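Chains as they are written, first to last, in the numbering used here: chain A, 26 to 213; chain B, 33 to 635. Here the structure comes first, spelled out in C-alpha cells, and everything after it is commentary.
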Ligand SMILES: [Cu+2]
C-alpha cells in the first residue's frame, strides 16, 4: 500500500491532468475559430477594424488578476488564510472588471459602426472575444464559490488542489486572451 | 490524491475491507441507481440509454425503408403513429427527410458514440487498469447527465409541430440556417443544435476522465505496455473526442448566430421565396470544413472502441496472445493521427481546389495501411487458434468480416476521381454502414455478450445469442451488399422516390428485398433486447467457481462477482505481466496479476 502511494506521488495529480486536457480542448475550439477567421480574411469582402482602446485596459486588468491569484495561492500555502481570502476577493473583482471592460469595448465598437452583422469580420470579432469572455465568466463563478467556501466553518480543509486548479485555469484564460489580442491585432 | 481517495474526492480509507463494504450499504436508491458516481453504474446508464436510442433510430430506418421498398403502397398504420406526417398511410416528403436525419444523428452520436464508448470506456477502464473509479467520479456523473439532457432535448424535437431537424445529420447550411427554407429548419433545428451542444459537453467531460484515468490511475506494475488493447482504444478515442468535438461546437455556435442574430458566416447571395436575403460574404464551405474536421475523426471515435473490444475478445477466445501487440498500439496511434488530416475527402465535389484534393487523397489512402495491419493481426491471431465460438467471439469475427468488406470500398471512395461518380450515391451508404455502422454495432454486441457476466453477475442465453448473430450477420450483408450495385449505377442517396427514373426501375425488386431484410433484422434485435433484460433477472448465475467464465487474463475478472463501488474489496492487485499470456508454457492462461515465475519463458 505504501509503495503504491509512493509511486503515485511522482505522477501528476489526476484532477490537474483533467484541467490541462480541458484547456487543450478549449484551445481546439479557438483554433477552429481562428483558422476559419484566417481563411475568411483571405477572401473578398473583408473589412478591417481597429481594436478599441478599452481592450488594452482589460488586458492590463486580467494580467493583474493573474498576479493576485498567484498571491492568493502563496498565502494559502503559507496558511495565511486572511491574505488568501483577500487576494481571492481581489481576483474575483478583477475578473468581473475584465468582463465589464470587454462589454464596454463592444459598446464602443458598436457605436463606431462596427456592428455584429455588418461584415463577417466584425461578426468574428464579437464571437471570438465574446466566447473568451464566457470562459472568464465561468472562472469568475468558480472564484465566487471558492471565496464563499473559504468562510465555511465546517470545512477546515487544507487541501491545496482546488486553488491549484483555479490558478491553472485563470492563467490559461489570461494567456488565451493575450494570444487572441495579438491574433486580432496582427491579422485583421 | 491516490487511488483510494478518489472515490469521494476526499480522503477515504479503505484499508480494512469491512469498513469499505459497510459504507456502501447505506446508499439510497437515488445515489445508487440514479445520481450514481460509480463508473459501473454510469456505464449501465449509458448502455440502457443507448439501447433505447438504438430502438428508436432503427425503427426510423424501418419506416423510411418501407417508403423506399414500396413507394406505391400505403401503410395505414403509419398514420396512426405519425398523424399528419403520414396522411393516408404515405410518408410526407419532408417527414421522410426528418426520419433520415434523425436516424443518422441518433445512430452516430447517441448510439455509437455515447452508447458504445460511453458504456465500455466507463465500465472497462477503471476495472482493467486497476483503479477504484474514474479520476473524477463527479465529472463522470455529470457527463452522463449532460448526455441525458441532450437526449431529452433531441427526443422532444420529435414532437414539435414543425417536426425535428431534417437537413441530414450533417446539417449543411444554408438549408439548415434558414427557417424559411423548410419546416425541418425551424424549431427542430434549434433543438438539434442545443442537443448536440449538450452532447459535446458530455463527450468532453467523459473523455477528459478517460484520458486521465488511463494515464494517471493505473495500479502498480500496470505499465502502458501492459494495458489491454481495449484500454488503448478507449484512450485514443477519448483523445480524438477531446480535440475534435470543440471544433464542432464552434461550428454550432456560428450556425446559431447565423440563424438568430443575422450574421453571415455561412450565408451569401441567397434568394428565398422570391425574397433576396441581406446576408453577404459567408461561405457554406466553411461549415463543411469545420463539420468534417470533427466528422471524420468521429468515425474513428465510433470504430476504435469496437476494434479494441474485438482485439480483446478474439485473443481471449482463440486462446492465443494477440498477434503484434505493439503493431496494434502503433496502428491505433497512426489511425488517430491521420484522421486529423483527411476531413476534406468528404468534400471532393464541393468545388475545392483539385490540387488540395490530392493531398487529402494521399492521407486518406494512407489510413488503409494501419487498418490493414489491424486486420492482418486479427486474422493471424485467429490462425491455428483454439477457437471458442462464444456469442461475443462470433460478433468479434463478424466485426472483422464487416470491417474488411466495408473498408475495401473506402479505398475506392478515397480517390477523388472515383468519388466524382460515387459521391452521394448508395455506394457511400453501403460503405459506411458496413465499415462503421454495422461493424461497430457488432463490436458493441461483442462487448455486451463478453462482459455481461461481469456487468450483471449472470449469463445471457446462448441459443438466443446465436440466433441473433446469424440473422444480423447475414441480414447486414443482404441489406448493404446490393446497395453497391445501386450506387455504381448512380442511384443517389436521400431521395424519396426513384420511380420517375427509367434507369433505376430495374432496382425496384432489389429495394423491396432490402426493405424486407431490414425489417427482419430489426425484429431480430428484439431477441437481443429480450435476452438482455430477461437474463438480468433470470439468467444463469455466475458462481465463485466460474467467475472468470472466458478464462481471461485481465484484471476485471479478479474483482468480486458483484464488485462494490471501489471494485476491489481489499487492496488493488499488482500487475506483473502483459494481458495476453494465453497458451504460455503449457498453461491455458496466466492472469496479469500473477508474478512471473523463476523459470518462465519470455514472451
Ligand atoms: Cu472521412
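We put the beta carbon where it would ideally sit given N, CA and C, even for glycine. Remember, it's a predicted structure, so these values are computed and weren't measured experimentally.
Legend entry - Inter-residue Cα distance where the pair is residue 300 of chain B and residue 309 of chain B: 8 angstroms
Inset, instruction - Using 10 angstroms around the beta-carbon of residue 176 of chain A, count the other beta-carbons present and answer buried if the total reaches 16, otherwise exposed. - result: exposed
Inset, instruction - Starting from the beta carbon of residue 103 of chain A, find every residue of chain B whose beta carbon is closer than 9 angstroms, and list them in chain order. - result: Within chain B, no residue comes near residue 103 of chain A; the closest Cβ sits about 22 angstroms away, beyond 9 angstroms.
Inset, instruction - Indicate, with yes or no, if ligand 1 has a heavy atom lying under 6 angstroms from the CB of residue 420 of chain B. - result: no
Inset, instruction - Quick one: using the 10 Å Cβ neighbour count with 16 as the cut-off for buried, is residue 185 of chain A buried or exposed? - result: exposed
Inset, instruction - Hey, could you find the ends of the beta strand (DSSP E) residue 176 of chain A is sitting in? - result: Unbroken run through residue 176 of chain A: none, as it is neither H nor E.
Inset, instruction - Could you name the residues that DSSP lists as bridge partners for residue 29 of chain B? - result: What is shown of chain B runs 33 to 635, which leaves residue 29 of chain B out entirely.
Legend entry - Proximity to residue 306 of chain B [Cα-Cα], best of B/502, B/402, B/212: B/212
Inset, instruction - Using the Cα positions of residue 145 of chain B and residue 362 of chain B, report the straight-line distance between them to the nearest angstrom. - result: 23 angstroms
Legend entry - Residue of B/592, B/480, B/111, B/472 minimising C-alpha distance to residue 337 of chain B: B/472
Inset, instruction - Consider the C-beta atom of residue 455 of chain B and the heavy atoms of ligand 1; say whether any pair is separated by less than 6 angstroms. - result: no
Legend entry - Residues bridged to residue 304 of chain B [DSSP beta-bridge criterion]: B/307
Legend entry - Distance between residue 80 of chain B and residue 112 of chain A (C-alpha atoms, nearest Å): 47 angstroms
Inset, instruction - Spell out whether any CB of chain A is found under 7 angstroms from the CB atom of residue 53 of chain B. - result: Residue placement at residue 53 of chain B is poorly supported in this model, since its pLDDT is 42, which falls under 50; the coordinates still yield a value, given next. No, its Cβ sits nowhere closer than 7 angstroms to a Cβ of chain A.
Inset, instruction - Quick one: grab the DSSP three-state call for residue 573 of chain B. - result: strand
Legend entry - Simplified DSSP assignment, three categories, for residue 198 of chain A: helix
Inset, instruction - Can you tell me which of A/105, A/213, A/101 puts its alpha carbon nearest to the alpha carbon of residue 188 of chain A? - result: A/101
Inset, instruction - Determine, using beta carbons only, whether residue 197 of chain A comes closer than 7 angstroms to chain B. - result: no
Inset, instruction - Give the secondary structure of residue 106 of chain B by DSSP, where H, G and I count as helix, E and B as strand, and everything else as coil. - result: coil
Inset, instruction - Just tell me which of B/535, B/556, B/616, B/484 has its CA closest to the CA of residue 76 of chain B. - result: B/484
Inset, instruction - Kindly list, in the order they appear in chain A, the residues whose Cβ is closer than 7 angstroms to that of residue 248 of chain B. - result: 36, 37, 39, 42
Legend entry - Assigned secondary structure, residue 63 of chain B (DSSP; H/G/I helix, E/B strand, else coil): helix
Inset, instruction - Give the straight-line distance between the Cα atoms of residue 316 of chain B and residue 541 of chain B, rounded to the nearest whole angstrom. - result: 38 angstroms
Inset, instruction - With a threshold of 6 angstroms, establish whether the CB of residue 463 of chain B neighbours any heavy atom of ligand 1. - result: no
Legend entry - CA-to-CA distance, residue 356 of chain B to residue 221 of chain B, given in whole angstroms: 46 angstroms
Legend entry - For residue 612 of chain B and residue 14 of chain B, the rounded distance between their alpha carbons: Residue 14 of chain B cannot be examined here, being either before or after the span of chain B that is shown, 33 to 635.
Inset, instruction - With distances taken Cα to Cα, identify the nearest neighbour of residue 434 of chain B among B/559, B/510, B/241. - result: B/510
Inset, instruction - State the DSSP-derived secondary structure class of residue 525 of chain B, mapped to helix, strand or coil. - result: coil
Inset, instruction - Since I believe residue 39 of chain A is in contact with residue 167 of chain B (beta carbons under 8 angstroms), could you give me their beta-carbon distance rounded to a whole number of angstroms? - result: 4 angstroms
Legend entry - Interface flag, residue 167 of chain A vs chain B, CB-CB below 7 angstroms: no
Inset, instruction - State yes or no: is the C-beta of residue 321 of chain B nearer than 6 angstroms to some heavy atom of ligand 1? - result: no
Legend entry - Interface positions of the stretch 151-181 of chain B facing chain A (Cβ-Cβ less than 9 angstroms), listed along the chain: 166, 167, 168, 171
Inset, instruction - Taking only beta carbons into account, state which residues of the stretch 131-151 of chain A come closer than 7 angstroms to chain B, listed in chain order. - result: 141, 142, 144, 145, 148
Legend entry - Under 7 angstroms from the C-beta of residue 177 of chain A: neighbouring residues of chain B: Near residue 177 of chain A there are no residues of chain B at all, since even the closest Cβ is about 14 angstroms away, more than 7 angstroms.
Legend entry - Proximity below 7 angstroms, CB of residue 254 of chain B to CB of residue 115 of chain B: no
Legend entry - Between the CA atoms of residue 458 of chain B and residue 519 of chain B - distance to the nearest angstrom: 4 angstroms
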